[in-house]
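Please read the structure below before turning to the comments.
In this note's numbering, the protein residues as written are 52 to 136.
What follows is the structure in structure tokens.
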């Protein structure tokens, strides 16, 4: 039963990302990675929850800042291809 529950939670988590734009996806990915790394580092000091919370905040901010630093691309139509704006 526990295995089924974990698989259901994972499936719901992945399906929640289906309608996100690029900025939201990068922010969420940064927060998830930061929380995982923060939880691991925080467990060494005996406070995994605080480490995960801080890691999620820093990772989410990092993902957002990374997204803002990337040039935007727009399809300019037939024969024009993609261009930055």
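The C-beta atom is built at its ideal place from N, Cα and C for all residues, glycine as well.
These numbers were taken from a predicted model, which means no experiment stands behind them.
In terms of alpha-carbon separation, which member of the options lies closest to residue i?
{"i": "residue 106", "options": "115, 91 and 95", "result": "91"}
{"i": "residue 86", "options": "74, 108 and 53", "result": "108"}
{"i": "residue 117", "options": "55, 81 and 94", "result": "81"}
Could you compute how far the alpha carbon of residue i sits from the alpha carbon of residue j?
{"i": "residue 120", "j": "residue 84", "result": "19 Å"}
{"i": "residue 104", "j": "residue 89", "result": "7 Å"}
{"i": "residue 70", "j": "residue 76", "result": "9 Å"}
{"i": "residue 115", "j": "residue 59", "result": "28 Å"}
{"i": "residue 101", "j": "residue 112", "result": "17 Å"}
{"i": "residue 98", "j": "residue 110", "result": "18 Å"}
{"i": "residue 94", "j": "residue 57", "result": "22 Å"}
{"i": "residue 122", "j": "residue 74", "result": "12 Å"}
{"i": "residue 53", "j": "residue 72", "result": "33 Å"}
For the alpha helix (DSSP H) containing residue i, name the first residue and the last one.
{"i": "residue 123", "result": "Premise fails: residue 123 is in no alpha helix (DSSP H) and is neither H nor E."}
{"i": "residue 88", "result": "73 to 95"}
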